[in-house]
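Here the structure is laid out as C-alpha coordinates; the discussion comes afterwards.
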Amino acid sequence: MRKPEIIHHDGKRIFYMDFTGIRSTPEVEALIKESKDYIRMQPEKSVITLTNIQGMHFNSEIKNAFSEFIGGNKAYVSHGAVVGLSGLQRIVYNGIMKITGRDIRSFETLDMAKDWLVSKDAVEV
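Heads up: the sequence shown begins at 308 in my numbering, then just goes up one per residue.
As C-alpha coordinates, this is what we get:
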(Lines of atoms letter the chains of each structure in order from A; the text may use other names.)
(Lines give C-alpha, C1' and ligand atoms only; values in the text may rest on other atoms or scores of the structure.)
Protein backbone atom coordinates (compact mmCIF):
# COMPACT_ATOMS: atom_id res chain seq x y z
CA MET A 308 0.00 0.00 0.00
CA ARG A 309 1.22 3.50 -0.86
CA LYS A 310 2.09 5.97 1.83
CA PRO A 311 2.22 9.76 1.69
CA GLU A 312 5.71 11.19 1.89
CA ILE A 313 7.63 14.38 2.50
CA ILE A 314 9.52 15.55 -0.57
CA HIS A 315 11.79 18.57 -0.87
CA HIS A 316 11.88 21.12 -3.66
CA ASP A 317 14.09 24.21 -3.60
CA GLY A 318 14.63 23.72 0.13
CA LYS A 319 10.94 23.54 1.07
CA ARG A 320 9.02 20.57 2.46
CA ILE A 321 6.03 19.34 0.48
CA PHE A 322 3.61 16.69 1.73
CA TYR A 323 3.13 14.47 -1.35
CA MET A 324 0.14 12.16 -1.80
CA ASP A 325 0.40 9.83 -4.79
CA PHE A 326 -2.94 8.34 -5.84
CA THR A 327 -1.68 7.65 -9.39
CA GLY A 328 -3.49 4.74 -10.99
CA ILE A 329 -5.16 3.49 -7.79
CA ARG A 330 -8.25 1.50 -8.79
CA SER A 331 -9.49 0.44 -5.34
CA THR A 332 -11.78 2.60 -3.18
CA PRO A 333 -10.39 1.09 0.08
CA GLU A 334 -6.83 1.90 -1.03
CA VAL A 335 -7.79 5.52 -1.82
CA GLU A 336 -9.55 5.80 1.54
CA ALA A 337 -6.54 4.34 3.38
CA LEU A 338 -4.17 6.86 1.78
CA ILE A 339 -6.59 9.69 2.62
CA LYS A 340 -6.79 8.52 6.25
CA GLU A 341 -3.03 8.33 6.66
CA SER A 342 -2.63 11.75 5.04
CA LYS A 343 -5.38 13.25 7.20
CA ASP A 344 -3.80 11.86 10.37
CA TYR A 345 -0.48 13.53 9.54
CA ILE A 346 -1.80 16.87 8.25
CA ARG A 347 -4.18 17.46 11.16
CA MET A 348 -1.38 17.01 13.69
CA GLN A 349 0.62 19.90 12.19
CA PRO A 350 0.48 23.56 13.20
CA GLU A 351 -2.14 25.67 11.45
CA LYS A 352 -1.26 26.92 7.94
CA SER A 353 2.06 25.03 8.00
CA VAL A 354 1.61 22.26 5.43
CA ILE A 355 2.26 22.54 1.69
CA THR A 356 0.47 19.71 -0.15
CA LEU A 357 0.87 18.12 -3.56
CA THR A 358 -1.62 15.49 -4.73
CA ASN A 359 -1.26 13.36 -7.87
CA ILE A 360 -4.51 11.70 -8.99
CA GLN A 361 -3.55 10.80 -12.55
CA GLY A 362 -5.44 7.68 -13.63
CA MET A 363 -7.07 7.22 -10.21
CA HIS A 364 -10.46 5.50 -10.08
CA PHE A 365 -13.20 7.94 -9.09
CA ASN A 366 -16.70 7.27 -7.73
CA SER A 367 -19.16 8.90 -5.32
CA GLU A 368 -17.53 7.32 -2.24
CA ILE A 369 -14.14 8.69 -3.25
CA LYS A 370 -15.65 12.10 -4.05
CA ASN A 371 -17.21 12.23 -0.58
CA ALA A 372 -13.97 11.12 1.09
CA PHE A 373 -11.99 13.80 -0.77
CA SER A 374 -14.59 16.47 0.07
CA GLU A 375 -14.34 15.76 3.80
CA PHE A 376 -10.54 15.45 3.62
CA ILE A 377 -10.02 18.70 1.71
CA GLY A 378 -12.52 20.68 3.78
CA GLY A 379 -11.12 19.40 7.07
CA ASN A 380 -7.54 20.24 6.13
CA LYS A 381 -8.21 23.92 5.48
CA ALA A 382 -6.86 25.10 8.83
CA TYR A 383 -3.58 23.18 8.47
CA VAL A 384 -2.63 23.68 4.82
CA SER A 385 -0.96 26.91 3.75
CA HIS A 386 -1.36 26.04 0.06
CA GLY A 387 -1.73 23.02 -2.17
CA ALA A 388 -1.63 21.77 -5.73
CA VAL A 389 -3.09 18.84 -7.64
CA VAL A 390 -1.84 17.08 -10.78
CA GLY A 391 -3.51 14.59 -13.09
CA LEU A 392 -7.12 15.76 -13.35
CA SER A 393 -9.06 14.20 -16.22
CA GLY A 394 -12.18 15.77 -17.75
CA LEU A 395 -14.76 14.32 -15.33
CA GLN A 396 -12.41 14.58 -12.36
CA ARG A 397 -11.89 18.28 -13.14
CA ILE A 398 -15.65 18.90 -13.01
CA VAL A 399 -15.96 17.10 -9.66
CA TYR A 400 -12.81 18.82 -8.38
CA ASN A 401 -14.19 22.28 -9.22
CA GLY A 402 -17.35 21.40 -7.27
CA ILE A 403 -15.30 20.27 -4.27
CA MET A 404 -13.34 23.54 -4.34
CA LYS A 405 -16.59 25.53 -4.23
CA ILE A 406 -18.11 23.42 -1.45
CA THR A 407 -14.99 23.49 0.75
CA GLY A 408 -13.95 27.06 0.05
CA ARG A 409 -10.45 25.92 -0.87
CA ASP A 410 -8.20 27.12 -3.69
CA ILE A 411 -5.99 24.16 -4.51
CA ARG A 412 -4.38 24.90 -7.86
CA SER A 413 -4.36 22.38 -10.70
CA PHE A 414 -1.25 21.80 -12.84
CA GLU A 415 -0.36 19.67 -15.85
CA THR A 416 2.96 18.36 -14.46
CA LEU A 417 4.51 17.63 -11.08
CA ASP A 418 7.41 19.99 -11.83
CA MET A 419 5.05 22.88 -12.60
CA ALA A 420 3.14 22.21 -9.38
CA LYS A 421 6.30 21.97 -7.27
CA ASP A 422 7.71 25.18 -8.74
CA TRP A 423 4.47 27.03 -7.96
CA LEU A 424 4.22 25.56 -4.46
CA VAL A 425 7.63 26.93 -3.45
CA SER A 426 7.16 30.30 -5.17
CA LYS A 427 6.33 33.46 -3.27
CA ASP A 428 3.05 33.67 -5.20
CA ALA A 429 1.73 30.42 -3.74
CA VAL A 430 -0.72 31.57 -1.10
CA GLU A 431 -4.18 30.09 -0.64
CA VAL A 432 -7.01 32.54 -0.16
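Glycine included, every Cβ here is placed at the ideal spot set by N, Cα and C.
Span separating the alpha-carbon of residue 315 from that of residue 339: As a working mapping, residue 315 is identified with position 8 in the sequence shown. As a working mapping, residue 339 is identified with position 32 in the sequence shown. Cα to Cα, residue 315 sits roughly 21 Å from residue 339.
My assumption, with CB atoms under 8 Å, is that residue 332 sits in contact with residue 363. Please give the rounded CB distance. As a first step, residue 332 must be located in the sequence shown, where it is residue number 25. As a first step, residue 363 must be located in the sequence shown, where it is residue number 56. Actually they do not touch by this definition, with Cβ atoms about 10 Å apart.
Once the 5 residues before and after residue 356 are set aside, which same chain residues still bring their CB inside 6 Å of it? For the purposes of this step, residue 356 is taken as the residue at position 49 of the sequence shown. Excluding sequence neighbours, residue 356 sits near 322, 384 and 387.
What three-state label does DSSP hand residue 330 in the structure shown? For the purposes of this step, residue 330 is taken as the residue at position 23 of the sequence shown. Here residue 330 sits in coil by DSSP.
When DSSP labels each residue in this structure, what does residue 416 get in the three-state scheme? Along the sequence shown, read from residue 1 onward, the residue named residue 416 stands at position 109. Looking at residue 416 - three-state DSSP - the assignment turns out to be coil, as it is neither helix nor strand.
Whose C-beta lies closer than 6 Å to the C-beta of residue 349 among residues of the same chain, with five residues either side of it excluded? Counting from 1 along the sequence shown, the entry for residue 349 is found at position 42. 383, listed in sequence order.
Got a sec? Which residues, its chain only, sit under 8 Å from residue 406 by beta carbon, not counting five neighbours each side? Position 99 of the sequence shown, counted from the start, is the residue given in the question as residue 406. Contacts found: 374 and 378.
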